[in-house]
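Per our numbering: the sequence shown = residues 14 to 199.
Presented below is the structure to which this report refers.
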Amino acid sequence: MRPPQSLDDPASLSFADLVKQQQSASSSQTEGRGDLLLAYGSCLLRKFRDKLGDALWGVLETVYLQALEFRQDRWATYCLQALQTRWRDSTRVKRLKGIALEAQGQWAAALCHYDSLLSQQPHDPLTRKRVTAALKNQVKKESRNLNHSRVFRPFAGKMKFVEKRNGSHCFLEPPSVEVQALEKTA
């Protein structure tokens, strides 16, 4: 996680300042600064959880989502457990569990989880959006993994792609003598 830039250390701020900073980090001005949301939100939860009142649940959800993004598993588990304790049967909290499965790359489990939610509430548009997002993210991730094969397409007739796991290196080897002989006769 990147440290907050151009702002005070969250631990040194008062409750009012932390709430203000956390809300401003949620604004469109700092879009893409999930590290700020995580830093200020986690500090709010550590130092001022009792003072948050009903805002606690929004802070927990925000910190949970950012913790997933920045792979802060302990914070994500803590926030999800707190939300599940308060709203055990909430569809929204159940969707958050599906988002955790997505973040872990467990696409099939996430889609099964969403299917079970849709079987309970078939017309829930937010769960349907999560299914769509999960499928898109799965395709993106898989296409990134397969992108290396596109790079070698121009060489397909001339070179043979052999993937050898030697650390993280992939090597290209020229075609064998047998393949060259077959190409000459064809």
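Ideal Cβ positions, reconstructed from N, Cα and C, are used throughout, including at glycine.
Next on the checklist: For leucine 50, count the other beta carbons within 10 Å of its own beta carbon; 16 or more makes it buried, fewer makes it exposed. Which is it?
Outcome noted: buried
Next on the checklist: Assuming contact is defined by CB atoms lying nearer than 8 Å, are arginine 108 and threonine 140 in contact in what I supplied?
Outcome noted: yes
Checklist entry - Going by the CB atoms, is the gap between valine 106 and leucine 124 shorter than 8 Å? => result no
Checklist entry - Would a C-beta distance cut-off of 8 Å place valine 47 and glutamine 79 closer than the cut-off? => result It should be noted that the sequence gives glycine, not valine, for residue 47. Contact: yes.
Checklist entry - Distance, Cα to Cα, arginine 62 vs valine 72? => result 10 Å
Next on the checklist: On the DSSP letters alone, give me the boundaries of the alpha helix (DSSP H) that lysine 60 sits inside.
Outcome noted: 47-61
Item to check | Residues near glutamate 82 by beta carbon distance below 6 Å, same chain, minus five either side | outcome: Gly47
Item to check | Alpha-carbon to alpha-carbon, proline 138 and leucine 8 | outcome: Any answer about residue 8 is impossible in this case: the structure gives the chain only from 14 up to 199.
Next on the checklist: With H, G and I counted as helix, E and B as strand and the rest as coil, what does DSSP make of histidine 200?
Outcome noted: With the chain covering 14 to 199 only, the question about residue 200 has no answer from this structure.
Item to check | Burial state of glycine 54, where buried means 16 or more other Cβ atoms lie within 10 Å | outcome: buried
Next on the checklist: According to DSSP, is tryptophan 70 part of a helix, a strand, or is it coil?
Outcome noted: helix
Checklist entry - Does any CB atom of chain C fall closer than 8 Å to the CB of glutamine 151? => result Of the protein chains in the structure, only one exists, and it is not chain C.
Item to check | Euclidean distance between Cα positions of tyrosine 77 and arginine 99 | outcome: 15 Å
Item to check | Terminal residues of the alpha helix (DSSP H) in which tryptophan 88 lies | outcome: 86-99
Item to check | Among Gly66, Ala89, Ala68, nearest to glutamine 117 - alpha-carbon criterion | outcome: Ala89
Checklist entry - Does the beta-carbon distance from tryptophan 120 to glutamine 151 come in below 8 Å? => result yes
Next on the checklist: Assuming lysine 110 is part of the alpha helix (DSSP H), what are its boundary residues?
Outcome noted: 104-116
Item to check | Cβ distance (whole Å) where leucine 93 is taken to contact tryptophan 70 below 8 Å | outcome: Actually they do not touch by this definition, with Cβ atoms about 12 Å apart.
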